[in-house]
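Per the numbering used here, the sequence shown starts with residue 256, numbered consecutively.
Just so you know, even glycine gets a beta-carbon here, dropped at the ideal spot from N, CA and C.
Below: the structure, in structure tokens.
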Amino acid sequence: MITAVERADELYDVIRTCTLCALSQTRTNAVPGEGPLDAEVMCIGEAPGLNEDKEGKPFVGASGQFLSELLAAAGLTRESVYICNVLKCRPPSNRDPLPNEIEACSEYLDLQLDLVDPLVVITLGRFSMAKWFPKQAISRIHGNVKEVDGLFVVPMYHPAAALHQGNLRQVLIDDFARIPAILERARARRVEGQGKVATEPVQPTTAELAVDLTPRIEIPNPSAANGAPRDEPSPPGQQVPSPVEERLEPAKSVEQIRLFE
Ligand code: URA
256 MITAVERADE LYDVIRTCTL CALSQTRTNA VPGEGPLDAE VMCIGEAPGL
306 NEDKEGKPFV GASGQFLSEL LAAAGLTRES VYICNVLKCR PPSNRDPLPN
356 EIEACSEYLD LQLDLVDPLV VITLGRFSMA KWFPKQAISR IHGNVKEVDG
406 LFVVPMYHPA AALHQGNLRQ VLIDDFARIP AILERARARR VEGQGKVATE
456 PVQPTTAELA VDLTPRIEIP NPSAANGAPR DEPSPPGQQV PSPVEERLEP
506 AKSVEQIRLF E
């Protein structure tokens, strides 16, 4: 019987050699993700930046250092948490992920969620948040928790946002301080049997992955880069408004997703 580690290794191999979108042509290394496969907490960022692309590991730059501090503030070590991104390859000049790139990578993230089966997912930034909170504004819902089929999902600002906007630093620290209580609640839920079923999820084999992962989309030309490096603030006057943020509608009611305090 194939073990979780073998499944992860297979998946990481597929990701490292993936050519489903044009980012495969510009990456140095794909960044599948890392962490224990039995982690209770999974952090999902946006996409690798310059340092991550060089090293093939997630969150190794300045925002990664801040993420480690935030996790420590929540009583967690970085080593105890599974960390990955929506995109596995760096967009040129750290521009925002394109919809077809998110689509191309989405199956990898779903497989990682199946494999790790975390109790709590922390989304870091708009792009991972959109998987569970489409059309919600992060300014309205950050730090709140939503239970989705027994999975507790907590949207947070991206740590890099605090490097750009100093006032978000304390917001992130305060939001992460809520994680221990959320984790307790999620653990209790699973013990009660109301959470995700703690049985071995059905996993595709590499052969199935290879079949599944044939390109389903047109490969685009990467558009002109317009983002600042992920860990560095944009020069004044060159900040590019996010098209996604502009399209966000105000949340109907924060209370709808605030399950408990
Ligand atoms: N930002 C991300 O979203 N992910 C990383 O891995 C690094 C920076």
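### Query
Secondary structure at Gly-319, three-state DSSP: helix, strand or coil?
helix
### Query
With C-beta atoms as the reference, is Ala-441 less than 9 Å away from Val-375?
yes
### Task
Determine the extent of the beta strand (DSSP E) in which Tyr-337 is found, giving its start and end residues.
First-last of the beta strand (DSSP E) with Tyr-337: 337–340.
### Task
Thinking Cys-298 and Ala-359 are a contact (beta carbons under 8 Å), I'd like their distance in whole angstroms, please.
Actually they do not touch by this definition, with Cβ atoms about 21 Å apart.
### Task
Helix, strand or coil for Cys-273, going by three-state DSSP, please let me know.
coil
#### Entry: Option nearest Pro-303 by Cα separation, candidates Glu-334, Glu-324, Ala-263 and Pro-346
Pro-346
### Task
For Ile-377, count neighbouring C-beta atoms within 10 Å of its own C-beta (all shown protein chains included) and say buried if the count is 16 or more, exposed if not.
buried
### Query
Does the distance from the C-beta atom of Arg-424 to that of Gly-398 stay below 9 Å?
no
### Task
Work out the CA separation of Glu-447 and Ser-279 for me, nearest whole Å.
Spanning the two alpha carbons is a distance of roughly 44 Å.
### Message
Looking at the strands, I want to know which residues DSSP matches up with Phe-314.
### Response
None, per the DSSP bridge assignment.
### Message
Quick test of your reading: Val-336 and Val-296, contact by CB under 8 Å. State the CB separation rounded to the nearest angstrom.
### Response
5 Å
### Message
Can you tell me whether Lys-390 is buried or exposed? The criterion is at least 16 other CB atoms within 10 Å of its CB, across all chains shown.
### Response
So Lys-390 ends up on the exposed side.
### Task
Drop a sphere of 10 angstroms on the beta-carbon of Ile-257, count the other beta-carbons inside from all chains shown, and report buried for 16 or more, exposed for fewer.
By the neighbour-count rule (16 or more Cβ atoms within 10 Å), Ile-257 is not buried but exposed.
### Task
For Ala-327, count neighbouring C-beta atoms within 10 Å of its own C-beta (all shown protein chains included) and say buried if the count is 16 or more, exposed if not.
exposed
### Message
Just to confirm the assignment: which complete alpha helix (DSSP H) runs, minimum length 4, are found wholly within the region 335–377?
### Response
354–371
### Query
For Glu-301, which option in Arg-444, Ser-394 and Ala-385 has the closest C-alpha, if you only look at C-alpha atoms?
Ala-385
### Query
Would Pro-354 be called buried (16 or more neighbouring beta carbons within 10 Å of its own) or exposed?
exposed
### For Phe-382, the three-state DSSP class (helix, strand or coil)
helix
### Query
Is Lys-309 helix, strand or coil when you go by DSSP?
helix
### Message
According to DSSP, Phe-407 sits in a beta bridge with which residue or residues?
### Response
BP columns for Phe-407 point to Val-375 and Glu-402.
### Task
Just grab the DSSP bridge partners of Met-297 for me.
Tyr-337 and Val-376
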